[in-house]
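Taking it in order: structure first as structure tokens, then the write-up.
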Amino acid sequence: MADVISSDISRRMLLGGLAGGALASGAGAVVVERPRRGGRIRVASTNASTADTLDPAKGGLSTDYLRHYLLYSGLTQYDGQLRARPGLAERMETRDNIVWHIRLRRGVHFHNGKALTADDVVYSLMRHRDPATGSKVQAVAEQFAGARRTGPLDLELRLTGPNPDLPVILAQPQFLIVENGRRDFSIANGTGPFICRAFAPGIRTIVRRNPNYWKPGRPYLDEIEVIAIGDEMSRVNALLSGDVQMVNAVSPGSVKRVRASPTHAIMETKSGLFTDLIMRRDHPATGNPDFVLAMKHLMDRELIKRTLFRGYATIANDQPIPPYDPNFNPDIPQRAFDPERSRFLLKRAGLLGTRLPVYASPAANLSVDMGSVLQEHAAQIGLNLAINRVPADGYWSTHWMKHPLTFGNTNPRPTADLTFSLFFQSKASQNESGWNSPRFDRLLLEARHATDPTRRKAIYGDMQWLVHQHGGVAIPVFISLLDGFDRRLRGMFPIPLGGFMGYNFGEYAWWDA
Amino acid sequence: MSAVATTSRWGGPARLIVKRIGLAFVTLLLVSAVIFTISGLLPGDAAQEVLGQSATPAQVAALRHEMGLDQPGPVRYFRWLGGIVTGNPGQSMVANKPVADIISERLPNTLTLAALTTFVAVPFAFLIGISSAVARGRKLDRWLNVLTLSMVALPEFLVATIAVLIFAVQLLWLPSIALVPEDPTPLQFVRVYAMPVIVLGVGVIAQLGRMIRAAIIAELDRPYVEMARLKGVLPTRLIFRHVLPNAIGPIVNAMALSLSYLFGGAIIVETIFSYPGLASLMVNAVTSRDMPLLQACAMIFCAAYLLLVLIADTVAILANPRLRHG
């Protein structure tokens, strides 16, 4: 059974009907064997705590996303290139990127038997604006000016301003659809591929196959148990000993061990995750453009990729849009490792010989090692960097962005607009370096109003160039996500949102026993 | 007559024990203040941790108000203390569930692991301690010394990791994670607990064994032992009837320390085997700044420790004729 999905998706008219067995893939077309029904597997993620939740709006960690995608469905779904595919929404139409008409799929039922209607969707979308919901995406939902039911399966969503990326945004795990009026999330009542059988926060989630799932024939597995093993070595050991059939966040150093096992394999997901060096604008040294450029030239990207990530990374160019993104600008020349140029720039800025502390922490992936590499190269050209290694616990509230030089760590966002508006817009609370570029801010708004995708791509291209050239962060590499799995688990492909196929493997995977 | 005799006979120890209990409560009160103060010194708070990296200051302030974190420290302390005294440790800030519910899910796990380890470790410790003491200075003693010293010196994470590599990854005999199924068969139960119990037991056996050896040797040098020997008391009777009752005080104290360690110090074993016990719950509470949960865990550990020490003291008092009649 082979199926090719047209990669053409316009924001004007999209999300046509999609047959059940269809499979999207990064490669475009993939021939799949006929999946088999049945099987019970256990997967281990990285974190579980008493904060584990069955409320999609509150999900903040990978185990939550995984659990929520198993139990709930979104209006849209991601494909291998993070484009939106139809989910519960059969169609999403707009003329101006402001007013969106959403038509829901017919015959979808919640786990308790209730039929999905427009009211459920209106409630699910608008509840994010209520502070009492405690939604992680409240800031994103501020743009929902109002939603109104226009028929049993039709609704109209009005935004405060144009946003052509709405279908992509709605595929995020927090926007999964819950039942109208639902406030009690001690049980999960979704429309997802699996039904919750047991949920113990911090311990395990057990889900069983939903026989009435709206994609006929899916899912394939009978039961999935999700646990968490925080320690990476224990997680890999559990995989190799057969106690779990899939794990995420395998460290590059463990890949060899997994590969050595004839019954296990590694899935690499090239992602937009990065660890960056943040140079604050409000400090005289780190705010100096020459210093910023010098540090960018001092990043030995090849070395970082080769030794720190054992090759499981993509060289980055000091701007946050990864090469797989359709809006990536390939025309910006790659910045090279050039200590001589760094020395020249630092000398010009009068900063040679100064001593600067850099705050690094295990909280930001491998920032301590990156800092050490940087320190080594800096010492050779006469810049004295002192690496302060601080504990992961409390790093984000106490150190991150609070010293002239700190490391940050940014998870991939599904759209260029989200990445730019969250981390680079002058007024954004997470504008890590305190960068202020009126031109950049203007382009960001311009892109939202642009109705022509080519025009938007050009604008995003310019913005990437601005960040690459003037932004206050050095982004050396994009970090690949590594999942380890039992070879009998089939049907999976990477989705760059995160590990576990962008946390959505449950609907695709099947057990070849 | 006999009633009077009993009072005078038990009055001394009873007074001592009551005094100990009183002191334990004072200690608990002091500890509660210390726990509250120290946990308040941690950087950041639950509101920031819940909302994460991308929170706006307004969101944080709103959640702080909802959690009651914007009230002055003393107010929060006395409210919390009042709750603890009346048996209600409050509401978890992160999980939105009563702390008591969360703890009652984990406490049985910790108790099971501690009890199993005790049942396995104590007989071995006595065996090693007694044989070593009796064979003092001889080859057996030297070998047992080398063995126990190396067992004490081996860090738990190393023992655990090596055990997992051998028994779980290579041989595939035992599971690498200690997840008890919902309705375990006896075999499943044993398989799940085998490795955590052995790993925890290694340290406990070695330390307890050495303490028992030292306590018995201290008694063996006493004149009454020589007297008993001269009178022809058999070695086993000498140890079990004459020496052990006298050495029981320090031994019970050592046992109390080991047990309290099993209660709160199993964090490494809980992490490596991802076993849902109290220690990892507390670490969890620290990272999420879930103060009610953290404080409740700390109080439980402290109370358990005091209780075990109290039991040990009581046993020592009752076993010691001088204290008993003091």
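Chains as they are written, first to last, in the working numbering: chain A, 1 to 513; chain B, 1001 to 1326.
By construction, the Cβ of each residue, glycine as well, lies at the ideal position given by its N, Cα and C atoms.
Answer with buried or exposed for residue i, where buried requires no fewer than 16 other C-beta atoms within 10 angstroms of its C-beta.
{"i": "Leu23/A", "result": "Note that Leu23/A scores 40 on pLDDT, short of 50, meaning its location in the model is unreliable and no value can be drawn from it."}
{"i": "Ala1114/B", "result": "buried"}
{"i": "Ala118/A", "result": "buried"}
{"i": "Asp96/A", "result": "exposed"}
{"i": "Asn1284/B", "result": "buried"}
{"i": "Ile1021/B", "result": "exposed"}
{"i": "Pro412/A", "result": "buried"}
{"i": "Thr454/A", "result": "exposed"}
{"i": "Pro1175/B", "result": "buried"}
{"i": "Tyr359/A", "result": "buried"}
{"i": "Phe1025/B", "result": "exposed"}
{"i": "Gln245/A", "result": "buried"}
{"i": "His468/A", "result": "buried"}
{"i": "Asp331/A", "result": "exposed"}
{"i": "Tyr1224/B", "result": "exposed"}
{"i": "Arg348/A", "result": "exposed"}
{"i": "Asp512/A", "result": "exposed"}
{"i": "Gln174/A", "result": "buried"}
{"i": "Gly113/A", "result": "exposed"}
{"i": "Ser1002/B", "result": "Only weak support is given to the placement of Ser1002/B: the predicted model assigns it a pLDDT of 44, under 50, and the question is left unresolved by the model."}
{"i": "Thr307/A", "result": "exposed"}
{"i": "Phe1119/B", "result": "exposed"}
{"i": "Asp318/A", "result": "buried"}
Where do the N-terminal and C-terminal ends of the alpha helix (DSSP H) with residue i fall, by residue?
{"i": "Lys518/A", "result": "Nothing can be reported for residue 518/A, as the shown portion of chain A is limited to 1 through 513."}
{"i": "Phe420/A", "result": "416-423"}
{"i": "Glu968/B", "result": "The structure shown does not extend to residue 968/B, since chain B spans only 1001 to 1326, so no value can be given for it."}
{"i": "Arg259/A", "result": "255-260"}
{"i": "Gly1129/B", "result": "1099-1134"}
{"i": "Val225/A", "result": "One detail in the question is off: residue 225/A reads as Glu in this sequence, not Val. Taken as a continuous stretch (DSSP letters only), Glu225/A belongs to no alpha helix (DSSP H), being part of the beta strand (DSSP E) at 223-228."}
{"i": "Tyr503/A", "result": "499-503"}
{"i": "Asp1141/B", "result": "1139-1153"}
{"i": "Ala1061/B", "result": "1057-1067"}
{"i": "Leu1084/B", "result": "Per the sequence shown, residue 1084/B should be read as Ile rather than Leu. Segment 1073-1085, the alpha helix (DSSP H) holding Ile1084/B."}
{"i": "Lys305/A", "result": "Looking at the DSSP string, Lys305/A is not in any alpha helix (DSSP H), and its letter there is neither H nor E."}
To the nearest whole angstrom, what separates the beta carbons of residue i and residue j, a pair I think is in contact under 8 Å?
{"i": "Pro1235/B", "j": "Ser1092/B", "result": "With 8 Å as the limit, Pro1235/B and Ser1092/B do not qualify as a contact, their Cβ atoms being about 57 Å apart."}
{"i": "Ser433/A", "j": "Gly472/A", "result": "3 Å"}
{"i": "His109/A", "j": "Thr191/A", "result": "7 Å"}
{"i": "Thr415/A", "j": "Pro320/A", "result": "The Cβ separation is near 11 Å, so there is no contact."}
{"i": "Ala514/A", "j": "Ile187/A", "result": "Shown here, chain A extends from 1 to 513; a query on residue 514/A therefore has no answer."}
{"i": "Arg105/A", "j": "Leu88/A", "result": "6 Å"}
{"i": "Phe328/A", "j": "Met370/A", "result": "Not really, about 23 Å apart at Cβ, beyond 8 Å."}
So residue i is in the beta strand (DSSP E); what residue range does that whole segment cover?
{"i": "Ile1268/B", "result": "Counting along the chain, Ile1268/B falls outside any beta strand (DSSP E), though it belongs to the alpha helix (DSSP H) covering 1267-1272."}
{"i": "Thr286/A", "result": "Taken as a continuous stretch (DSSP letters only), Thr286/A belongs to no beta strand (DSSP E), as it is neither H nor E."}
{"i": "Asp486/A", "result": "477-486"}
{"i": "Phe407/A", "result": "405-410"}
{"i": "Asn388/A", "result": "384-389"}
{"i": "Ala313/A", "result": "313-315"}
{"i": "Ile41/A", "result": "40-45"}
Of all the residues that make up the region 229-246 of chain A, which are near chain B by a beta-carbon distance shorter than 8 Å?
Answer set for the region 229-246 of chain A: Ile229, Gly230, Asp231, Met233, Ser234, Asn237, Ala238, Leu240, Ser241, Gly242, Asp243, Val244.
Using Cβ-Cβ distances below 9 Å, what residues of the region 209-231 of chain A are close to chain B?
Cβ contacts with chain B come from Glu225, Ile227, Ala228, Ile229, Gly230, Asp231.
What are the uninterrupted segments assigned as beta strand (DSSP E) that are 3 or more residues long and contained completely in the region 342-374 of chain A, given in chain order?
Restricted to the region 342-374 of chain A, the beta strand (DSSP E) segments that are unbroken, complete and at least 3 residues in length are 355-360, listed in chain order.
Write down every uninterrupted run of the alpha helix (DSSP H) in the region 149-203 of chain A whose length is 4 residues or greater and which is fully enclosed by it, in chain order.
Taken in chain order, the complete alpha helix (DSSP H) segments of 4 or more residues contained in the region 149-203 of chain A are 166-169.
Return the residues of the region 181-204 of chain A that lie within a Cβ-Cβ distance of less than 8 Å from chain B, sorted by chain order.
Residues Ala198, Ala200, Pro201, Gly202, Ile203, Arg204.
Threshold first: 3 residues or longer. Then list the beta strand (DSSP E) segments lying entirely within the region 86-162 of chain A, N to C.
With a minimum length of 3 residues, the continuous beta strand (DSSP E) runs that stay inside the region 86-162 of chain A are 89-94, 99-104, 144-151, 154-159.
Closer than 8 Å, Cβ to Cβ, to anything on chain B: give me those residues from the region 392-419 of chain A, in chain order.
So the close ones are Asp393, Gly394, Trp396, Ser397, Thr398, Trp400.
Which residues, in order along the region 38-70 of chain A, keep a beta-carbon less than 7 Å from a beta-carbon of chain B?
Flagged, chain order: Ser49, Thr50, Ala51, Gly60.
Any C-beta of chain B within less than 8 Å: which residues of the region 135-157 of chain A qualify?
Within the region 135-157 of chain A, the residues whose Cβ lies closer than 8 Å to some Cβ of chain B are Lys136, Gln138, Ala139, listed in chain order.
Residues in the region 1156-1169 of chain B with C-beta within 8 Å of chain A's C-beta atoms, listed in sequence order?
Against chain A - using a Cβ distance shorter than 8 Å - the residues of the region 1156-1169 of chain B are Thr1161, Val1164, Leu1165, Ala1168, Val1169.
Mind listing which residues of the region 432-448 of chain A have their C-beta closer than 7 Å to chain B's C-betas, in chain order?
Those would be none; no residue qualifies.
Can you pull out the residues from the region 1271-1296 of chain B whose beta carbon lies closer than 9 Å to at least one beta carbon of chain A?
Flagged, chain order: Thr1271, Ile1272, Phe1273, Ser1274, Pro1276, Ser1280, Leu1281, Asn1284, Ala1285, Val1286, Thr1287, Ser1288, Arg1289, Asp1290, Leu1293.
Contact residues within the region 1031-1049 of chain B, judged by C-beta distance below 9 Å to chain A:
Against chain A - using a Cβ distance shorter than 9 Å - the residues of the region 1031-1049 of chain B are Leu1042, Pro1043, Gly1044, Asp1045, Gln1048, Glu1049.
Can you give, in chain order, each stretch of the beta strand (DSSP E) that sits fully within the region 53-90 of chain A and has at least 3 residues?
The region 53-90 of chain A contains these whole beta strand (DSSP E) runs: 76-78, 84-86.
Contact set between the region 1056-1084 of chain B and chain A, restricted to residues whose Cβ is under 8 Å from the partner
For the region 1056-1084 of chain B, the set of positions with a beta-carbon nearer than 8 Å to some beta-carbon of chain A reads Thr1056, Pro1057, Gln1059, Ala1062, Leu1063 in chain order.
What residues from the region 117-132 of chain A come within 7 Å of chain B, judged by C-beta to C-beta, listed N to C?
Per Cβ criterion, the list reads Pro131.
Closer than 7 Å, Cβ to Cβ, to anything on chain A: give me those residues from the region 1084-1099 of chain B, in chain order.
Within the region 1084-1099 of chain B, those residues whose Cβ lies closer than 7 Å to any Cβ of chain A are, in chain order, Ser1092, Val1094, Ala1095.
Residues of the region 420-431 of chain A in Cβ contact with chain B at a cutoff of 8 Å, in chain order, please.
When CB distances to chain B are screened at a threshold of 8 Å, the residues of the region 420-431 of chain A falling below it are Leu422, Ser429, Gln430, in chain order.
Please list, in chain order, the residues of the region 1173-1188 of chain B that have any C-beta partner in chain A closer than 9 Å.
Listed by position, the residues of the region 1173-1188 of chain B near chain A (Cβ gap below 9 Å) are Leu1174, Pro1175, Ser1176, Ile1177, Leu1179, Glu1182.
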